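Chemist: After the structure tokens below, expect a handful of questions from me.
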Amino acid sequence: DTAVSQTPKYLVTQMGNDKSIKCEQNLGHDTMYWYKQDSKKFLKIMFSYNNKELIINETVPNRFSPKSPDKAHLNLHINSLELGDSAVYFCASSQEGINTGELFFGEGSRLTVL
Amino acid sequence: AQSVAQPEDQVNVAEGNPLTVKCTYSVSGNPYLFWYVQYPNRGLQFLLKYITGDNLVKGSYGFEAEFNKSQTSFHLKKPSALVSDSALYFCAVRRNTGFQKLVFGTGTRLLVSP
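Written out as structure tokens, the structure is:
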């Protein structure tokens, strides 16, 4: 069983389109994240949710909107896609407490904007 | 704000030799420190962490790291490198209070030659 699963794995789309990436974790964790990894492999946090509440919201264009319907799911919707949005987007989850900081990552969703 | 520096883009080592991947950090207060590894086209995997206690922490696959508060460093080490250790390694830091974001370094590519 995959612990943190993201769909789709690959996404190729045109500028100006709207797209979504879905994430689900079956680890029972209470915190989920979206990270963006650019072409130079720099990894930057975008959002974090704890029990469906937004707790971290970095300086991200408001074209990006996360949604957490329950604590096992965190989706990312992107409006009006731009060339600079091309990247690999990673979902992750963690459990605060004894395992603080141990993030479990999905396999990534590679977004290419043409 | 917290930050991490990984001064080497790439580290080359021969199989069987010891390896060191360097990391220094900046954070107000006491840090939580982590190492993650990323294989090609995969998500990041947790290797080890320092939260408190013994400065030498041991992790997965024979890796260890030493927390040095005076030098604000957390270098990753392994006594004998394997070709299969070749990957991208990320150091990360967060503050030790409340919900804090995990900030990653820029990554160091480890290349172990046969």
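Same order as they appear, the protein sequences are chains L and F.
The first sequence: position 36 = 50 (the working numbering), numbered continuously.
The second sequence: position 80 = 251 (the working numbering), numbered continuously.
A virtual CB, placed ideally from N, CA and C, is assigned to each residue, including glycine.
As the structure is a prediction and not an experimental result, all values here were calculated from the model.
Taking DSSP as the reference, what is the three-state secondary structure of Tyr210(F)?
Modeler: In this structure, Tyr210(F) counts as coil in the three-state DSSP scheme.
Chemist: State buried or exposed for Arg265(F), treating a residue as buried only when at least 16 other CB atoms are found within 10 Å of its CB.
Modeler: Result: buried.
Chemist: Strictly by DSSP, which residues pair up with Ile59(L)?
Modeler: BP columns for Ile59(L) point to Tyr49(L).
Chemist: Going along the chain, which residues of its own chain have a beta-carbon closer than 8 Å to the beta-carbon of Asp32(L), five neighbours each way excluded?
Modeler: Excluding sequence neighbours, Asp32(L) sits near His91, Ile92, Asn93, Ser94, Leu95.
Chemist: I'd like to know if Gly278(F) contacts chain L, where contact means its C-beta is closer than 8 Å to some C-beta of that chain.
Modeler: Judged by the 8 Å Cβ criterion, Gly278(F) is in contact with chain L.
Chemist: Tell me the DSSP secondary structure of Ser108(L) in three-state form.
Modeler: Three-state result, Ser108(L): strand.
Chemist: Starting from the N-terminal side, write out each stretch of the beta strand (DSSP E) that is 3 residues or longer and does not extend beyond the stretch 69-95 of chain L.
Modeler: The stretch 69-95 of chain L contains these whole beta strand (DSSP E) runs: 78-84, 87-92.
Chemist: Taking only the alpha-carbon atoms, compute the straight-line gap between Met29(L) and Leu97(L) and give it to the nearest angstrom.
Modeler: The alpha-carbon atoms of Met29(L) and Leu97(L) are separated by roughly 7 Å.
Chemist: Does any residue of chain F have a CB that is nearer than 8 Å to the CB of Gly120(L)?
Modeler: With 8 Å as the cut-off, Gly120(L) counts as an interface residue toward chain F.
Chemist: Give the single residue among Ile35(L), Gly115(L), Trp48(L) whose Cα lies nearest to the Cα of Tyr63(L).
Modeler: When only C-alpha atoms are compared, the closest one is Trp48(L).
Chemist: Would you say Ile1(L) faces chain F, with C-beta separation under 8 Å as the test?
Modeler: In the structure as shown, chain L starts at 15 and stops at 128, and residue 1(L) therefore has no counterpart that could be examined.
Chemist: Determine whether the beta carbon atoms of Leu219(F) and Val208(F) lie at a separation below 8 Å.
Modeler: No; because the gap between Cβ atoms is not below 8 Å, this pair is not in contact.
Chemist: Under a three-way DSSP split, which group does Gln254(F) fall into?
Modeler: What sits at residue 254(F) in the sequence shown is Val, not Gln. Val254(F): helix per DSSP, three-state reduction.
Chemist: Roughly how many angstroms separate the alpha carbons of Thr73(L) and Ala172(F), rounded to a whole number?
Modeler: Rounded to the nearest angstrom, the two C-alpha atoms are 14 Å apart.
Chemist: Closer than 7 Å by C-beta to Ala17(L): which residues in its own chain qualify, once you throw out the five before and the five after it? Chain order, please.
Modeler: The residues are Gln39, Asn40, Leu41, Phe118.
Chemist: Between Lys240(F), Phe261(F), Ser255(F), which lies nearest to Gly200(F) when the distance is taken from Cα to Cα?
Modeler: Closest option to Gly200(F), Cα to Cα, is Lys240(F).
Chemist: At what residue ranges does the stretch 182-231 of chain F contain a whole run of the alpha helix (DSSP H), taking only runs of 4 or more?
Modeler: As far as the stretch 182-231 of chain F is concerned, it has no whole alpha helix (DSSP H) run of at least 4 residues.
Chemist: For Pro202(F), which option in Gln271(F), Gln216(F), Pro285(F) has the closest C-alpha, if you only look at C-alpha atoms?
Modeler: Residue Gln271(F) is the option with its Cα nearest to Pro202(F).
Chemist: Taking only the alpha-carbon atoms, compute the straight-line gap between Gly115(L) and Asn267(F) and give it to the nearest angstrom.
Modeler: Roughly 10 Å between the two C-alpha positions.
Chemist: Run through chain L and tell me which residues come within less than 7 Å of Tyr203(F), C-beta to C-beta.
Modeler: Ordered by position in chain L, the residues that pass the 7 Å Cβ test against Tyr203(F) are Thr114, Gly115.
Chemist: When Cβ atoms are compared, which residues of the stretch 254-268 of chain F fall closer than 7 Å to chain L?
Modeler: For the stretch 254-268 of chain F, which is checked against every Cβ of chain L, the residues closer than 7 Å are Leu259, Phe261, Arg265.
Chemist: So, helix, strand or coil for Leu281(F), using DSSP?
Modeler: Reduced to three states, the DSSP call for Leu281(F) is strand.
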